[in-house]
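Novice:
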Amino acid sequence: MKKMTLISALAAMSSGAIAASSVEQLEVYGDTVTFTLSAPKQHTPPSCVSGDNHNKWAINLNSLQGQAMYSLLASAVSKGQLVSVRSANRCESSPDIEQAAGVSLSTNYQSPLTAQQPSIYKGDGVTKLGTVIGFDGGRAYFIPNGGSNLVWSYIKYQNYYDDPVFLNAQCAGDAYIRTNPRSPTYIPAVDKYMTQLSNNLAENRLNTKGNIPVYALVNKVNGKSSIVYKAEWQKFEYKYECVAQNKLASEYNSSYSKLEPMPHPLCGDSACVLK
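Heads up: the sequence shown runs through residues -19 to -1, 1 to 256, numbered per mature numbering (1 follows the signal peptide of the UniProt record, and there is no 0).
In structure tokens, the structure reads:
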């Protein structure tokens, strides 16, 4: 009887296994990982699965099993390996996505990633950091070079609030800004990651520089806002010109303080590049 039970269980596992194929999409939402394979499902998913999510799988990162499966998927994306999935025949991590009970890799399979798979580079556009596997808002998820059991992420942390101001008509030299909520912050006007120095020190404050005219790098060309829409993650390309503010440094409030370069730990001086 035990032998028959074991054979039946193995048969059930076999029937729930999905043929090996490459990972097409891998996304992380809080404690839930969802992914799709390049080959569509051939079995009938459980009734809880919605039509829009017919080919998706879900994994729960709160369990050790889920974390192990996630690591295997990350490795598969990094190395171009094929993945087989075994169904749990229920929805658990997400109410309308089929739960994965197990994944396995075809370790003898190696292939280059598709041309549609973008890579992430340092700000120099030359030094490759890894292969991008998905986006969530402004955050890019990627597998670092050489593989990893964790997915890394990068978000630009761009300053959208204030234009940097300067004390010369070429908008060169020291830059000052009013708000800089994160450090380091990407300042697109100067194409650098920077940090704002404390305004508790008089030497850092703009209003201690006397009666010097102030200029700002603003996102306007010929008096009009100029934004060119770009790819999903890069969002926008800005064009700036140096514009007189018709104010003196001494007229600015004490919240304006000096910026200094502060390289991003991944990207370096400028924002990371996707290509």
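Glycine is no exception: its CB is placed at the ideal position from the N, C-alpha and C atoms.
Which residues in the same chain as Leu187 place their Cβ atom closer than 6 Å to its Cβ, once the five residues preceding and following it in sequence are excluded?
Specialist: Against the sequence shown, residue 187 aligns to sequence position 206. The answer, listed in chain order, is Tyr157, Ala230, Tyr233, Tyr237.
Novice: For my contact list, Glu79 and Val4 are in at a C-beta cut-off of 8 Å; report their separation, rounded to the angstrom.
Specialist: As a working note, residue 79 is residue 98 in the sequence shown. As a working note, residue 4 is residue 23 in the sequence shown. Not a contact, Cβ separation roughly 16 Å.
Novice: Enumerate in chain order the residues of its own chain whose CB-to-CB distance from Gly111 is below 6 Å, with the five nearest sequence positions on each side excluded.
Specialist: Working through the sequence shown from its first residue, we reach residue 111 at position 130. Sequence-distant partners of Gly111 (beyond 5 residues in either direction) whose C-beta falls short of 6 Å from its own C-beta, in its chain, are Ile101, Phe123, Ile124, Pro125, Asn126.
Novice: Note the first and the last residue of the continuous beta strand (DSSP E) segment covering Leu54.
Specialist: Position 73 of the sequence shown, counted from the start, is the residue given in the question as residue 54. Segment 45 to 60 is the alpha helix (DSSP H) holding Leu54; no beta strand (DSSP E) there.
Novice: Which of the three DSSP states is assigned to Ser238 in this structure?
Specialist: In the sequence shown, counting from the first residue as 1, residue 238 sits at position 257. The answer is strand: DSSP assigns Ser238 an E or B state.
Novice: Relative to the C-alpha of Asp172, which candidate in Ala69, Trp133, Lys256, Gly104 has its C-alpha closest?
Specialist: Residue mapping note: residue 172 aligns to position 191 of the sequence shown, counting from 1. It is Gly104 whose Cα lies nearest to the Cα of Asp172.
Novice: Have a look at Cys72 and Leu178 and give me their C-alpha separation to the nearest angstrom.
Specialist: The residue you call residue 72 lines up with position 91 of the sequence shown. The residue you call residue 178 lines up with position 197 of the sequence shown. Near 50 Å, if we compare the C-alpha coordinates of Leu178 and Cys72.
Novice: Relative to the C-alpha of Tyr138, which candidate in Asn130, Thr25, Tyr174 has its C-alpha closest?
Specialist: One-based indexing of the sequence shown puts residue 138 at position 157. Among Asn130, Thr25, Tyr174, the Cα nearest to that of Tyr138 is on Tyr174.
Novice: In three-state DSSP terms, what is Gly106?
Specialist: Counting from one through the sequence shown, the residue named residue 106 turns up at place 125. Coil at Gly106, not helix or strand.
Novice: To the nearest angstrom, report how far apart Glu184 and Lys220 are at their CA atoms.
Specialist: On the sequence shown, residue 184 is found 203 positions in, with the first residue counted as 1. On the sequence shown, residue 220 is found 239 positions in, with the first residue counted as 1. When rounded, the distance between both Cα atoms is 31 Å.
Novice: Who are the near neighbours of Gly154 in its chain, counting only those whose CB is closer than 8 Å to its CB and skipping five residues on each side?
Specialist: Your numbering for residue 154 matches position 173 in the sequence shown. Phe147, Leu148, listed in sequence order.
Novice: Just confirm the distance between the C-beta atoms of Thr13 and Ser75, as a whole number of angstroms; I'd bet it's less than 8 Å.
Specialist: Here residue 13 refers to the residue found at position 32 when the sequence shown is read from its first residue. Here residue 75 refers to the residue found at position 94 when the sequence shown is read from its first residue. So it is a contact: roughly 6 Å between Cβ atoms.
Novice: If I measure Cβ to Cβ from Glu8 and keep anything under 6 Å in the same chain, skipping five residues before and after, which residues do I get?
Specialist: As a first step, residue 8 is located in the sequence shown; it is residue number 27 there, counting from the start. Closer than 6 Å at the Cβ level, and outside the excluded window around Glu8, lie Thr15, Gly115.
Novice: Under DSSP, the beta strand (DSSP E) around Arg120 begins and ends at which residues?
Specialist: By 1-based counting over the sequence shown, the position of residue 120 is 139. Run containing Arg120: 120 to 125, per the beta strand (DSSP E) assignment.
Novice: Check each candidate in Val199, Ser134, Ser56 and name the one with the smallest Cα separation from Asp144.
Specialist: As a working note, residue 144 is residue 163 in the sequence shown. The option with the nearest alpha carbon to Asp144 is Val199.
Novice: How far does the beta strand (DSSP E) with Ala69 in it reach, from first residue to last?
Specialist: As a working mapping, residue 69 is identified with position 88 in the sequence shown. Residues 63 to 72.
Novice: Less than 8 Å between the C-beta atoms of Trp38 and Val58, yes or no?
Specialist: To locate residue 38, count along the sequence shown from 1; it is residue 57. To locate residue 58, count along the sequence shown from 1; it is residue 77. Their beta carbons are not under 8 Å apart, which means Trp38 does not touch Val58 by this criterion.
Novice: Go ahead and label Gly191 buried or exposed: buried means 16 or more other beta carbons lie within 10 angstroms of its beta carbon, across all protein chains shown.
Specialist: For the purposes of this step, residue 191 is taken as the residue at position 210 of the sequence shown. Flag for Gly191 reads exposed.
Novice: Please identify the residue among Arg159, Thr166, Asn181 whose C-alpha is closest to the C-alpha of Ser251.
Specialist: Numbered from its first residue, the sequence shown carries residue 251 at position 270. Cα-wise, what sits closest to Ser251 is Thr166.
Novice: Pull the bridge partners of Tyr135 from the DSSP assignment, please.
Specialist: In the sequence shown, residue 135 corresponds to position 154, counting from 1. Bridge partners of Tyr135: Ala121.
Novice: What's the gap between the Cα of Asn130 and the Cα of Ser56?
Specialist: Within the sequence shown, the letter at position 149 stands for residue 130. Within the sequence shown, the letter at position 75 stands for residue 56. Using only the alpha carbons, I get a separation of about 7 Å.
Novice: Return the residue from the list Pro169, Asp77, Ser134 that minimises the CA-CA distance to Asn36.
Specialist: For the purposes of this step, residue 36 is taken as the residue at position 55 of the sequence shown. Among Pro169, Asp77, Ser134, the Cα nearest to that of Asn36 is on Asp77.
Novice: Decide if Asn140 is buried, meaning its Cβ has at least 16 other Cβ atoms within 10 Å, or exposed.
Specialist: Numbered from its first residue, the sequence shown carries residue 140 at position 159. Per the 10 Å Cβ criterion, buried.
Novice: Would you call Lys211 buried or exposed, if buried means 16 or more other Cβ atoms sit within 10 Å of its Cβ?
Specialist: Here residue 211 corresponds to residue number 230 of the sequence shown, with the count starting at 1. At Lys211, the pLDDT of 38 sits below 50, so the modelled position is not reliable; the number obtained from the coordinates is stated separately. Exposed: under 16 other Cβ atoms inside 10 Å.
Novice: What is the rounded straight-line gap between the Cα of Gly32 and the Cα of Pro246?
Specialist: Position 51 of the sequence shown, counting from 1, holds the residue named residue 32. Position 265 of the sequence shown, counting from 1, holds the residue named residue 246. One C-alpha to the other measures close to 42 Å.
Novice: Does any residue of chain B bring its CB to less than 8 Å from the CB of Leu131?
Specialist: No chain B is part of this structure, which consists of one protein chain only.
Novice: Exposed or buried, what is Asn43 when buried is set at 16 or more other beta-carbons lying within 10 Å of its beta-carbon?
Specialist: On the sequence shown, residue 43 is found 62 positions in, with the first residue counted as 1. Flag for Asn43 reads exposed.
Novice: Name the two residues that bound the continuous beta strand (DSSP E) containing Leu168.
Specialist: For this step, residue 168 is matched to residue 187 along the sequence shown. Strictly speaking, residue 168 in this sequence is Ile, with Leu absent from that position. It spans 166 to 168 - the beta strand (DSSP E) in which Ile168 sits, taken as one unbroken run.
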